[in-house]
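Participant: Dropping a structure here in structure tokens format, bear with me for questions.
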Amino acid sequence: MQKIAIGNSCLHAPFFFRHVNWLPTQMIRVMRLLMLFLFVVSLSAYTSGTAQTITLSGKHLPFKKVFTAIEKQTSYVVAYDPELIPANQTVSVSVNDSPLPDFLKMILKDLPIEYDIQGKTIFLTKKNDKKTSSLSSSDQLTSEIPVPVRFQILDSFGRPLAGASVAVKNNKQSGITNTEGTLSLHVNKGNIVTVSFVGYQTYTITITASILDNGAISITLKPAEAVLGAVEVSTISTGYQKIKKEQLTGAASVMSEKEYQQRTAVTGNFLESLEGKVPGLVYNGQTGELTIRGVSTFDAVKKPLIVLDGFPTEIDLRTINPLDIVSVSVLRDAAAASIYGVRASNGVIVVETRRGKSGKPVFNARVVQAFQPKPDFSYLQYAPASEFVQLQKDKFNIEQTSFQNYELGYYKMNPVEEILFGKTQLSVSNPLLTDDQVNQKLAALGSYDNLKDYERLFYQHRQTTNLNLDVSGGTDRSTYMMGVNYIAETGVNRRSENKQIILNLANTFKFTDWLKFDFRGTYLSLKDLSGNTPAYSDFLPYERLTDENGNALAVSLDPGRDYMSRAITKKRNDALQAAGLYDQWYYPYKELYGNTNTSKGSGARFQGRFNVKVTNWLNMDLGGNYENQSTILDQLQTEDTYKTRTLVSAMAKKDPVTGQALFINMPKGDILMKTNQRITNYTARLQLNLNHRSGDHDISGILGLERKQTLTESYKTSFFGYNGQTLISKPINMSALNATSNSPYEELGIRRFKSTDYFNQKEIDNRFMSYYGQGTYIYRDKYILTGSFRIDQSNLFGVDPKYKYKPLWSAGVNWRLSEEEFAENWSWAKNLQVRAATGFNGNVPNSNNGAFLILSSGLNTKLNSPLEYNDVLSPENQSLRWETTQNYNFGVDYTLWNNRISGSVDYYIKKSTDVFGNLDADPTTGFNQYNANTASIRNSGLEFQVNSQLVMKKRFAWRLQVTSSFNNNKVLAIKATEFAHSDLITSGALFVQGLPMNALYSYNYGGLNAMGQPFVYDRKGNQNVLKFYDFFGNATVDVTREDLIYNGTTTPKYVLGLNNQFSIGAFDLSFLFMYYGGHVMRVEQPNPYNIRMSANNPLKGSADFWRKPGDEKFTNIPGYVNDAAPGYYQTTALSGYEYASQFVRKADYIRLRDLIVTYNVRGRYFKKMGLINPQVRLQVQNLFRYTFSGNDIDPDAIDRVSGVRTLETQPFYSLTLSTSF
């Protein structure tokens, strides 16, 4: 079952984390039987030895490709004289698990070549039909006295290669180069020496007399990717298995370590390096939103599933160190992702991190220092203080007849009003002011603008330091990798600090040839600190925030004050303080340092996997993972903060005799709110892996079962009258506080203590049981069929098998055209294949939705005897079922012109049905709405990826990568409660049948009438001033949905990434351009309304509003009209102007996301220091942006529905130093 409990009545609630016995008996029995069977079978498998085997199939394969396959599938390298085998020599093979000696005999049987295996090197030499001596050629060579020769091994940039393997065929000597890339061996003339290194072409040389005379030789290895890139085996990881890329039938992309690490993830967020590299993926770095192939749900999970080293992760993504990532696979359709069942509808991102490598210890170190300027508030286009003063003056002159409430004290005068009231006798005891005096005071007020001081006091430059150190090594029996990563950051808000440290450990153990164990562990410790940064709208732009000594000053506004409270004038504030209450005025600068939010957390992830080899074609994985994350959030509000002062004062009682405040119900002092949260996630998995080849037939697959549980627990408690030195707090009277409705001091108005803000508890327990399988059949290496299934059971849907069991499946086909006989002469097409796939995956509801009744429990303390009660979060709905997404995908993969151009093209259709939404309920049930399966959504689109090697020279290379995607989203059918037309305008249309999600609607704005009122056109061309209700509540002139204009969607339809990479000598240069288009945004316009007591951040130009008849010919900005005017309501009418179609723009833009310059350091000094491949990298993010509809707007820094601007992301500069040793 699913268990959700939410309580809010505990004062100091205990927090218990219970041990969960979550492995079902049935699963344990199955595991025992399988392990017993596999143990018996494996005993015979153990005797099979350790022979290296080869699996390869193809016609007319170049020998280079065959030798590369040998080196990839075994630990051997092939050494031979290049003139021994002609470049055009080919061989046709089709073998499965063929022993290496047999394989060599087969491919060399028709050639005058023999092989000799010495150590880990296979030497090829010409056969000698006639022996001229009783000694073999090898014996003749080695009978001479060997001479020491020093070998220097370098890469293509002249840097030493540590760990390169150097082997001599004739005397069986071999060795590994040191940190300087050197090694000394004794050799004779005629010896054949081979040099190999991972990622480079194997080099073979015959020792000559001149080499012996010099006593040294320098050898430069060429990168394997430049020549052999097309024959390298490329795999996609699904988390459950690895599949060769050429065997895929679905849509998936993979980023190699080199490609991923090209960009420095400065902040530690690994997702930011995916943008522009994967077709179909849309990432917004400012909001952190990530989608793959569009959004296909209203209320369920919208983010892709993140899989780390084979297991989905449920805890903070900061536990993933980007510097440890070696590959990222993105599974985009059902054939690729359906193995994850009901969690795969939004795509799957599979991350693999580093393992250890056999060999001596190798250390890697990296230091990153980053800097980002503080935000630029000029982008927000706020009206300066002088214009703001003029706006308040104009409004005062128009509306002063409605200010009688000043006499009652419900409204507080702002500084402009105080000056203007000085001209009259209204509520003013001071001498009357002359017009000149008023103008002088107003001019003085508008001469100071606090925006610069606001930036200075509350914002700072962002700085980040990232330190990383790891070491790896091992033997052929065990490997290890240990690493530590430390990040310290000061954010853009003052008092914002973040620190975290990650410890990683990865081990592999090969106990026998049939039993292996893989273990990984990660520990995260973090601490976040922040103050409370007040919003700029919390005060008026001409008010000073500090005095000349830096002391905080009070401002006019009272943020959050109850609307029925009296205005706290100076006279009233003094009286309240005289009664013993706190100062009730608001001091923004005090809030920054009086509020301290401290979050301390830790996270741990452990996973292990046993692999048991049963036969050459069958093995078993048994493993699981455990994740735990604990967070403690302390929110300290000191006695001097606005919230503490106003809350404690409002809860005070009044002495009936003296009139002094009595702090009986709530004590004076600090308030500490403490929130504890813990997430615990378990996964257990048992899986069989099959891989068998017989002749032209190749069969592989997996079969498994999996158990998963995610438990989230949290509680919040608070301490009043808290003393941080003594850690002592004082009790409160909960019943009295909850019963408080009116303060005995009438100036404070209605005050009610909401206990749920200070005390609550919550628990969510989700459990899944899954059975899955995947199979691949390959015929003659060119016809490929795949299929998968998964059955998910969950406590989210009760016990009805009709809804609890969710079978999902996929099927696909791949035709490798380039392997056909008719393609033998296609020299231009190295690889060409077409794919087609279909299948189903699903989605799960959020925690507040399910098939059963979900309650929130509470305790009513207003009664003399507290009474328990339950709020219904979601009524029972036994017909609720999983969301289901059917996928169709058609694709083409190609590699052309000797690897010059490669890529893929995919067309997809995603149709999601049974989408969760709200339906109107029968009122007799007691519910207004309930959650149900209500809609269907379709996403369709086209994706391209092109990788090209335009220039490949020794000292200059130019590579270009282009990714592009087009997504068409549409709500096909819907039964959910539709939006009112006003909500469509102001909130954005999340769903409207026949339109894409996030549709933007607007009024057909016509301008201003002769009274300065905004009017709109209906569909018949009639002019209407918007009025929803008159003074008596009767409906009046309104518009319908048919009168609105549909402008488009606020979600980008087109995404294009253009990544250029240049290598020039020792320098690497790359830059990534991103284009987002096909969407729209509204842009906020100048608007003078509602600025009497709210800053409301009016824009520049707001003072150019309508003032008199005839102005409507020159301005679109509505004029001030008193709300007391019959039948007219400013807020309603203004929406016709604020949400006008004329103010909707295209949101297409281009951004230079990255500019990266890397210098590969050379020099003898660094060699002597033992440094390997030292690099210096300069990276700049978000350096340039161009918006097609006007460069004054950043589409990523705006609410695209309301048009309100947010702060624009500033360029981010980073310097990285890295090396190995």
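Per the UniProt record's numbering, the sequence shown runs over residues 1 to 1221.
No residue lacks a Cβ here, since even glycine has one placed at the ideal position from N, Cα and C.
Keep in mind the model is a prediction, meaning the values are calculated, not measured.
(1) Looking at C-alpha atoms only, which residue of Q1085, G181, P1109 is the closest neighbour of A1103?
(2) Can you check which of these residues, T464, N504, E497, is closest to V471 by C-alpha distance?
(3) Can you confirm whether the stretch 925-938 touches the stretch 893-906 when touching is taken to mean that 3 or more C-beta pairs between the two stretches lie within less than 8 Å?
(4) Is DSSP giving A443 helix, strand or coil here?
(5) Could you check the C-alpha separation between E819 and S57 for me, to the nearest Å?
(6) Three-state secondary structure (DSSP) at F1221?
(7) Looking at G1078: is its Cβ nearer than 8 Å to the Cβ of P1052?
(8) Does the stretch 452-465 come into contact with the stretch 488-497, if we say contact requires no fewer than three beta-carbon pairs (one atom in each stretch) closer than 8 Å?
(9) In the DSSP assignment, find the alpha helix (DSSP H) that holds L734 and state where it starts and stops.
(10) Would you mind working out which of W585, Q460, S602 sits nearest S525, comparing C-alpha positions?
(11) R959 by DSSP, collapsed to three states: which one?
(12) When we look at the beta-carbon of G812 and count the other beta-carbons within 10 Å, is it buried (16 or more) or exposed?
(13) When burial is assigned at 16 or more other CB atoms within 10 Å of the CB, is L576 buried or exposed?
(14) So if DSSP puts I217 in a beta bridge, which residue, or which two residues, is it bridged to?
(15) Tell me whether A69 is buried or exposed, calling it buried when 16 or more other Cβ atoms sit within 10 Å of its Cβ.
(16) Please report the Cβ distance between K277 and G1057, rounded to the nearest whole angstrom; I am assuming they are in contact, meaning their Cβ atoms lie under 8 Å.
(17) How many angstroms separate the CA atom of D299 from the CA atom of F197?
(18) Is the separation between the beta-carbon of A335 and that of G839 shorter than 8 Å?
(19) Near K1100, which residues of its chain fall below 8 Å by C-beta distance, leaving aside the five closest residues on each side in sequence?
(20) Can you name the start and end residues of the beta strand (DSSP E) that G483 belongs to?
(21) Between the beta-carbon of P588 and the beta-carbon of L451, is there less than 8 Å?
(22) To the nearest angstrom, how far is the alpha carbon of residue 1265 from that of S904?
(23) Quick one: give me the first and last residue of the alpha helix (DSSP H) that I107 is part of.
(24) Helix, strand or coil: which one does DSSP assign to T68?
(25) Quick check: the Cα distance between L633 and T235, rounded to an integer number of angstroms?
(26) Considering R366, what are the terminal residues of the beta strand (DSSP E) in which it resides?
(27) Please return the same chain residues whose Cβ sits closer than 6 Å to the Cβ of L331, not counting the five positions on each side in sequence.
(28) Measuring alpha carbon to alpha carbon, tell me which of Y1001, F1073, V892, S874 ends up nearest Q961.
(29) Among V1083, L880, L185, which has the Cα closest to the Cα of D1199?
(30) Given a threshold of 16 other Cβ atoms within 10 Å of its Cβ, counted over all protein chains shown, does L323 qualify as buried or as exposed?
(31) DSSP three-state call for R572: helix, strand or coil?
(32) Could you please give me the residues that DSSP links to S599 through a beta bridge?
(33) Count the other CB atoms within 10 Å of the CB of N931; is the residue buried (16 or more) or exposed (fewer)?
(34) Which of the three DSSP states, helix, strand or coil, is assigned to N619?
(35) Taking just the CA atoms, how far does N551 sit from E275?
(36) What number of angstroms, rounded off, separates the C-alpha of T479 from the C-alpha of T125?
Facilitator: In short:
(1) Q1085
(2) N504
(3) no
(4) helix
(5) 10 Å
(6) coil
(7) The beta carbons of G1078 and P1052 sit closer together than 8 Å.
(8) yes
(9) Note that residue 734 corresponds to Met in the displayed sequence, not to Leu. Here the alpha helix (DSSP H) through M734 covers 734-739.
(10) Nearest of W585, Q460, S602 to S525, Cα basis: S602.
(11) strand
(12) buried
(13) buried
(14) Beta-bridge pairing links I217 to F151.
(15) buried
(16) K277 to G1057, Cβ: 7 Å. Contact.
(17) 52 Å
(18) Yes, these two residues count as a Cβ contact at 8 Å.
(19) Q381, Y382, A383, P384, E387, P1086
(20) 478-490
(21) no
(22) Within the shown structure, residues of the chain are numbered from 1 to 1221, placing residue 1265 beyond reach of any answer.
(23) 100-108
(24) helix
(25) 43 Å
(26) 359-372
(27) A252, A337, V348
(28) F1073
(29) For D1199, the nearest C-alpha among the options comes from V1083.
(30) buried
(31) Reduced to three states, the DSSP call for R572 is helix.
(32) D528, L633
(33) buried
(34) Three-state result, N619: strand.
(35) Going from the Cα of E275 to the Cα of N551 covers about 46 Å.
(36) 35 Å
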